[in-house]
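Chemist: Following this message is one structure expressed as structure tokens.
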Amino acid sequence: MTARKEIERKLDQFEFTAFQRRVLLACYGIKEGETLSYKELAKKAGSPKAYRAVGTVMKNNPFPITIPCHRVIKSDGKIGNYSGTGGVERKKELLFKEGALDKQD
DNA sequence: TTCCTGACGCTCG
DNA sequence: GCGAGCGCCAGGA
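Our numbering runs 27 ahead of the 1-based position in the first sequence.
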């Protein structure tokens, strides 16, 4: 039983659409210390042009840490937003700890 | 069923 | 190089 299976099972407990699950699973696939843009994530989810909808999905992310939504940043390199605990500051902190961010601020 | 909104991206001035 | 505006898809009211 892979960890991914566990996530899929948990997501199955929520009334998520296929698109939402694809986005969350794609996000879950982001390695530690690695970042992905919303556009890239949308592409991985199978809808390259749905980057706008990706943000909506991330906001409804039920597992902010298990599913590393903080590793998703804007294509211009900026942090973007974060609805999880601590907001963008927490997001930057997590990225910094994982080595995905060179420096704070 | 339709309209509005959103953790964004790209193009134009 | 920077800022503003328009466009993209999906979900919620």
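Yeah, the Cβ is synthetic: ideal placement off N, Cα and C, and Gly gets one too.
Measure how close the beta-carbons of residue 108 and residue 99 come, nearest whole angstrom, since I'm counting them as under 8 Å.
Modeler: That belief does not hold up - the Cβ atoms of residue 108 and residue 99 are roughly 10 Å apart, past 8 Å.
Chemist: Excluding five sequence neighbours on each side, which residues of the same chain lie with their C-beta closer than 8 Å to the C-beta of residue 113?
Modeler: 120
Chemist: Please classify residue 95: is it buried, with 16 or more other beta-carbons within 10 angstroms of its beta-carbon, or exposed?
Modeler: buried
Chemist: To the nearest angstrom, how far is the alpha carbon of residue 125 from that of residue 58?
Modeler: 10 Å
Chemist: Applying the criterion that 16 or more other CB atoms from any shown protein chain within 10 Å of the CB defines a buried residue, is residue 28 buried or exposed?
Modeler: exposed
Chemist: Touch check for the region 33 to 42 and the region 71 to 86: three-plus C-beta pairs under 8 Å?
Modeler: no
Chemist: For residue 47, count the other beta carbons within 10 Å of its own beta carbon; 16 or more makes it buried, fewer makes it exposed. Which is it?
Modeler: With at least 16 other beta carbons inside 10 angstroms of its own, residue 47 counts as buried.
Chemist: Whose C-alpha, out of 39, 37 and 43, is nearest the C-alpha of residue 87?
Modeler: 43
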